[in-house]
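Terminal number for the sequence shown in my numbering: 376, no gaps in between.
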Amino acid sequence: MITLEGVRKTYTSGGESIHVLRGVSFCVEPGGVVALMGPSGVGKSTLLHLIAGLDRPDGGRIELGGMDVTALKGTARDHFRRRTVGVVYQFHFLLPEFTALENVMMPAVIAGEGRGARARALALLGEVGMAHRAGHTPAKLSGGEQQRAAIARALMNSPRVLLADEPTGNLDEESAAQAFALLLSLKAAHGLTVLMATHNVALAAACDRTVHLHEGRVEGQG
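Spelled out as structure tokens, the structure:
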């Protein structure tokens with residue numbers, strides 16, 4: 155379960171306050187797939203970063219699985235994020251000097267849990283159809299393959315929540331459809347709750363529900 159209550163976020167630029175989020179409230183049921191839609195600059199990425207614990211809101215409350223993320227600080231927040239949330243971005247952000255396998259292993263290595271990481275990373279690459287490309291660096295992978303590796307990496311620490319920020323935005327139509335189908339398959343296999351920011355109307359229509367943001371507020375849900 156993801157629960158947001160009155161979430162606010164303001165940035166200051168050139169002495170001017172920019173109110174990105176103005177009291178956002180909605181829920182994502184456990185095991186649900188919800189699309190987050192709205193024009194560019196409306197705050198979709200900001201909202202995902204706040205839910206992931208990568209940034210802190212100026213007001214409001216965010217809960218993941220009954221845990222108040224906004225109350226966590228320092229190492230407690232880092233530990234909770236690593237164990238609870240996986241994030242997939244529009245751009246894969248794979249480290250160019252490492253192989254696909256090493257990139258997928260990275261979250262476990264950073265968390266100090268390298269034992270068994272290789273076997274788990276190989277299994278995840280198998281789930282996304284990338285086992286045969288495990289030894290290749292990102293430069294030798296197609297865009298779709300890079301995104302598949304990034305999805306596998308997001309699942310490395312067995313998260314309960316997957317946040318996807320325009321995960322198909324940098325792919326062609328066929329690869330985008332394949333990546334989305336893969337996300338749905340992995341959601342079912344791993345018991346994930348998925349919140350996906352997207353501009354793709356067709357993909358949003360295939361989700362359980364859509365939340366529309368406009369001018370920093372929830373404009374509608376359906």
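Virtual Cβ for every residue (Gly too), placed ideally from N, Cα, C. It should be emphasised that the depicted structure is a prediction, and the values quoted were computed from it without experimental measurement.
Quiz item: Which of helix, strand or coil does DSSP assign to residue 317?
Solution: Strand.
Quiz item: Below 7 angstroms between beta carbons: does that hold for residue 159 and residue 219?
Solution: No, the pair does not count as a contact, with Cβ atoms beyond the cut-off.
Quiz prompt | Cβ separation of residue 295 and residue 187, assumed to be a contact under 8 angstroms, to the nearest whole Å | solution = The pair is not a contact, with the Cβ atoms about 26 angstroms apart (cut-off 8 angstroms).
Exercise. Would you mind reading off the limits of the alpha helix (DSSP H) that contains residue 238?
Key: Counting along the chain, the alpha helix (DSSP H) containing residue 238 begins and ends at 228 to 238.
Practice problem: Please work out which residues of its chain come closer than 7 angstroms, Cβ to Cβ, to residue 244, disregarding the five sequence neighbours upstream and downstream, and give them in chain order. | Solution: Listed in chain order, the non-local C-beta contacts of residue 244 below 7 angstroms within the same chain comprise 319, 320, 321, 323, 324, local neighbours out to five positions each way being set aside.
Quiz item: Is residue 346 buried or exposed, if buried means 16 or more other CB atoms sit within 10 Å of its CB?
Solution: Residue 346 is classed as buried because its beta carbon has at least 16 other beta carbons within 10 Å across all chains shown.
Self-check item: Local conformation of residue 259 per DSSP, three classes
Solution: It is helical.
Quiz item: By Cβ distance, which residues of its chain are closer than 7 angstroms to residue 257, with the 5 residues on each side in sequence left out?
Solution: Counting only Cβ-Cβ distances below 7 angstroms, and skipping sequence neighbours, we find 248, 249, 303, 307.
Exercise. Figure out for me which residue from 335, 361, 183, 198 has the closest Cα to the Cα of residue 176.
Key: Cα-wise, what sits closest to residue 176 is 198.
Quiz item: On the premise that residue 259 lies in contact with residue 272, defined as a C-beta separation below 8 angstroms, what is that separation, rounded to the nearest angstrom?
Solution: Taking 8 angstroms as the upper bound for CB-CB distance, residue 272 and residue 259 are in contact here, some 6 angstroms apart.
Quiz item: Applying the criterion that 16 or more other CB atoms from any shown protein chain within 10 Å of the CB defines a buried residue, is residue 229 buried or exposed?
Solution: It counts as exposed.
Self-check item: DSSP state of residue 189 mapped onto helix, strand, coil
Solution: If DSSP states are grouped into helix, strand and coil, residue 189 belongs with the strands.
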